[in-house]
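Numbering (our numbering), first residue to last: 41 to 301. Working notes, structure below.
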């Protein structure tokens with residue numbers, strides 16, 4: 041089976057579990073029958089990809105992470121960024137799925153440092169390996185129930201009401217959505233903030249090491265990396281390359297000479 045997604049770097053146990061689920065779902069006896077189904081039915085490979093590239097997401101998932109982002113991380117980054125007024129403030133959201141997390145970060149930026157945005161250009165890159173979810177994210181349209189956990193204030197400020205809720209242009213224009221593979225795609229450089237939550241947990245250790253290395257190289261001095269609640273950089277990498285800003289929220293800052301103990 042040829043797909044646009046390379047699964048060689050996923051954990052073997054995770055791949056096997058997802059394939060077994062597909063066998064059960066399709067009432068198949070073995071891998072041979074599943075392989076035959078893939079050859080006969082064009083929808084089957086995409087269904088497998090959809091299950092392997094998990095898209096569990098919602099607006100402001102893990103709210104305490106976004107509270108820390110707004111109250112501590114973004115003001116800190118903006119203070120550092122202040123001496124580079126002509127340089128873009130650059131953020132990368134990896135594994136962005138249907139866009140909820142990317143829009144949550146963009147809204148957080150407006151809530152935290154809005155007065156500064158008129159004088160500082162901002163660019164948010166949001167990427168995923170799945171082209172289908174990227175197309176959904178670009179639309180910025182969501183069923184009203186997707187906004188159920190948001191405050192009335194946030195809903196009124198950042199969403200246009202209707203049969204579907206639409207992200208307001210002020211938020212949408214900040215974000216560039218695109219397909220990207222963390223291991224095979226070209227790097228996005230000079231970043232102030234990287235969000236990579238609940239992506240690396242499915243990859244093997246070698247792939248994780250490579251991605252952490254890329255992130256470190258791509259971050260500006262004292263840039264910030266935000267991981268998922270169940271994720272953590274390898275101890276040797278964290279000790280040498282990162283400063284922990286919030287262990288509870290898995291938020292780290294790129295270490296610079298003279299700042300790492």
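By construction, the Cβ of each residue, glycine as well, lies at the ideal position given by its N, Cα and C atoms.
Item, Value
"Does the beta-carbon distance from residue 264 to residue 222 come in below 8 Å?", "no"
"Taking the alpha carbon of residue 261 as the point to measure from, which residue in 174, 148, 129 has its own alpha carbon closest?", "129"
"Given this structure, state the Cα-to-Cα distance separating residue 215 from residue 190, to the nearest angstrom.", "20 Å"
"Residue 76 to residue 65, Cα distance in whole Å?", "15 Å"
"Whole angstroms is fine: what's the gap from residue 173's alpha carbon to residue 225's?", "18 Å"
"Considering Cα atoms alone, identify which of 283, 170, 280, 287 is closest to residue 270.", "287"
"Which whole runs of the alpha helix (DSSP H) in the segment 150-192 are 4 residues long or more, in chain order?", "171-179"
"Strictly by DSSP, which residues pair up with residue 286?", "291"
"What separation, rounded to the nearest whole angstrom, lies between the Cα atoms of residue 240 and residue 254?", "13 Å"
"Could you name the residues that DSSP lists as bridge partners for residue 236?", "267"
"From the DSSP output, read off the bridge partner residues of residue 218.", "167"
"If you drop the 5 nearest sequence neighbours on each side, which residues of the same chain put their C-beta closer than 7 Å to that of residue 298?", "Residue placement at residue 298 is flagged as unreliable, the pLDDT there being 46, under the threshold of 50; the coordinate-derived value follows with that caveat. Cβ within range, chain order: n/a, list empty."
"Inspect the CB distances between the segment 146-158 and the segment 193-212 and report whether three or more fall short of 8 Å.", "yes"
"Taking all protein chains shown into account, decide if residue 166 is buried (16 or more other Cβ within 10 angstroms of its Cβ) or exposed.", "buried"
"CB-CB under 6 Å to residue 220, same chain, minus the five flanking residues each way: which ones, in chain order?", "167"
"Kindly identify the DSSP beta-bridge partner or partners of residue 207.", "199"
"Can you grab the Cα-Cα spacing for the pair residue 140 / residue 278, in whole Å?", "28 Å"
"Check whether the segment 204-214 and the segment 93-113 touch, using three or more Cβ-Cβ pairs below 8 Å as the test.", "no"
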